[in-house]
């Protein structure tokens, strides 16, 4: 292999693929969400544009592209323009540390399906996903309007609170794997033969509840509660800037689903590795397993949204401070003890 | 239920799982949507569609040009003139103008009509490209079905 291919073509191709992958998933998710929610409400949902309405998100994007770009009088120009980009950028960047599949052997070289492997990959991903709340805060504040501001305030309280149980749940995984490296965590699950989701179901539930709250999704979508705040922090946004917020929400969902899969469900690993009769499952490429697993969690997001009504703000905060944080602390203690004694 | 039972139910997310089961069942159940242009739902029995004049079984017009409908109409949809022919028993309309663009389908004219000549039909496709199509003369008031749609929407592109 020539140095040009190894040092330029492959990294650039990987970066392009890693940016493209969440965007494709966003398009699929927008369609999936509208279809699945509609089917659960005994409707049909969009089924006219393309096969089963699959091109509906494209039609929506074209519509938004031609919409007028409106800025409130007195809005902060820089922050108003910056925040949609910030939200989108932070969730896309986190994918660079996300293992998307098992290393593939091409000829004499192995092609890894992640752009960067870092010993603190988990921390970086969590940090980047928290950067997106700056986009929400700036967007809400810079619009110079009351509803976005209230949405931004709510999202600060909510996301800061839910980050604590999220971090504590992630810590148990780091304890079990003795690593903060996302690739290493998946490898440890392969070596130990049991996925951490089955080893530590409490961590999984805490992580998932906090992750739904982190992504501002129903039933924790207080920052954009339509019935109270118009559209929350992105009320004053229109056209492509709004589309950025909209797509970033879905990109963030894809990111969190990948995180759950990598931390708790063995990333690219095929299921039942110890059952000899199901060994043929290992022939399926790792990326496909990863895709199947994240699709389940993305479906769960939509399923939860179609099922539960929105929390009231005080019960939202009560849930995290009186239930999730004590539970996560106790869980951390148990996992740490178990790890210490073994 | 005891306090312990309630506590256990919330800890093991029993109610949450039950809620998810409800939506999953609905996900696979039959949908209520009727996909309109391909499938058309028949209007209800008492649906108030376009107003139509009717004839009796011998083909004689039922309308006697009494103008009761014209007086009852709140929007002044009607402009009716009648004439009693030599030797005829009742008056017949010589002019019966009805303006669809004014009509609100309130049904007052249908209620007051003494001979039941004017009735609501089940026609609900009202769109057209020309404003003149919303104006009906005496002969136009007897059109039904395809001929009516030709009057409303002659040469326009929608499926009829």
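Protein chains in written order, with our numbering: chain V, 1 to 342; chain D, 1001 to 1160. Using N, Cα and C, we set each Cβ at its ideal position, and we do this for glycine too.
{"Check": "Cβ pair count under 8 Å reaching 3, the segment 226 to 244 of chain V against the segment 71 to 91 of chain V", "Outcome": "yes"}
{"Check": "Span of the beta strand (DSSP E), counted from its first residue to its last, around residue 1098/D", "Outcome": "1092 to 1099"}
{"Check": "Contact between the segment 34 to 44 of chain V and the segment 104 to 118 of chain V (3+ Cβ pairs under 8 Å)", "Outcome": "no"}
{"Check": "Assigned exposure category for residue 1052/D - 16 Cβ within 10 Å defines buried", "Outcome": "buried"}
{"Check": "Cβ shell of residue 1095/D (< 6 Å), same chain only, five flanking positions each side left out", "Outcome": "1081"}
{"Check": "Straight-line Cα distance separating residue 1099/D from residue 214/V", "Outcome": "59 Å"}
{"Check": "Close-in-space but distant-in-sequence residues of the same chain around residue 186/V (CB under 8 Å, 5 per side omitted)", "Outcome": "99, 262, 266, 267, 268, 269"}
{"Check": "Helix, strand or coil at residue 1082/D [DSSP, three-state]", "Outcome": "strand"}
{"Check": "Contact under 8 Å by Cβ, residue 218/V with residue 312/V", "Outcome": "no"}
{"Check": "Residue 324/V vs residue 145/V beta-carbon contact at 8 Å", "Outcome": "no"}
{"Check": "Burial state of residue 70/V, where buried means 16 or more other Cβ atoms lie within 10 Å", "Outcome": "exposed"}
{"Check": "Where residue 105/V falls: helix, strand or coil (DSSP)", "Outcome": "strand"}
{"Check": "Other residues of its chain near residue 294/V: CB distance less than 6 Å, five sequence neighbours each side excluded", "Outcome": "257, 258, 261"}
{"Check": "Cβ contact check for the segment 136 to 151 of chain V and the segment 116 to 124 of chain V: 3 or more pairs under 8 Å", "Outcome": "no"}
{"Check": "Contact set between the segment 1025 to 1036 of chain D and chain V, restricted to residues whose Cβ is under 9 Å from the partner", "Outcome": "1026, 1027, 1028, 1029, 1030, 1031, 1032, 1033, 1035"}
{"Check": "Residue-chain proximity (residue 40/V, chain D), Cβ-Cβ < 8 Å", "Outcome": "yes"}
{"Check": "Residue 101/V vs residue 286/V beta-carbon contact at 8 Å", "Outcome": "yes"}
{"Check": "Extent of the continuous alpha helix (DSSP H) to which residue 229/V belongs", "Outcome": "226 to 229"}
{"Check": "Spatial neighbours of residue 340/V in its chain, beta-carbon cut-off 7 Å, leaving aside the 5 residues before and after", "Outcome": "none"}
{"Check": "Residue range of the unbroken alpha helix (DSSP H) whose run includes residue 337/V", "Outcome": "325 to 341"}
{"Check": "DSSP beta-bridge partners of residue 1016/D", "Outcome": "Bridge partners of residue 1016/D: none, in fact."}
{"Check": "Inter-residue Cα distance where the pair is residue 95/V and residue 28/V", "Outcome": "17 Å"}
{"Check": "Residues that residue 152/V contacts on chain D, provided the C-beta gap is smaller than 9 Å", "Outcome": "In chain order: nothing, as chain D lies at least about 29 Å away."}
{"Check": "Assigned exposure category for residue 1156/D - 16 Cβ within 10 Å defines buried", "Outcome": "exposed"}
{"Check": "Residues sharing a beta bridge with residue 312/V, DSSP", "Outcome": "Residue 312/V pairs with nothing; no bridge assigned."}
{"Check": "Under the three-state DSSP convention, the category residue 2/V falls into", "Outcome": "coil"}
{"Check": "Under the three-state DSSP convention, the category residue 168/V falls into", "Outcome": "helix"}
{"Check": "Under 8 Å between C-beta atoms of residue 20/V and residue 302/V", "Outcome": "no"}
{"Check": "Cross-strand partners of residue 111/V (DSSP beta bridge)", "Outcome": "104/V"}
{"Check": "For residue 66/V: DSSP bridge partner residues", "Outcome": "Its beta-bridge partners do not exist; DSSP assigns none."}
{"Check": "Chain D contact for residue 21/V (CB, 8 Å cutoff)", "Outcome": "no"}
{"Check": "Own chain, CB closer than 6 Å to residue 1105/D, minus 5 neighbours either side, in chain order", "Outcome": "1048"}
{"Check": "Terminal residues of the alpha helix (DSSP H) in which residue 1122/D lies", "Outcome": "No alpha helix (DSSP H) holds residue 1122/D; DSSP gives it neither H nor E."}
{"Check": "Rounded distance between the beta-carbons of residue 151/V and residue 224/V, thought under 8 Å", "Outcome": "6 Å"}
{"Check": "Against chain D: residues of the segment 302 to 314 of chain V by CB proximity under 9 Å", "Outcome": "303, 304, 306, 307, 308"}
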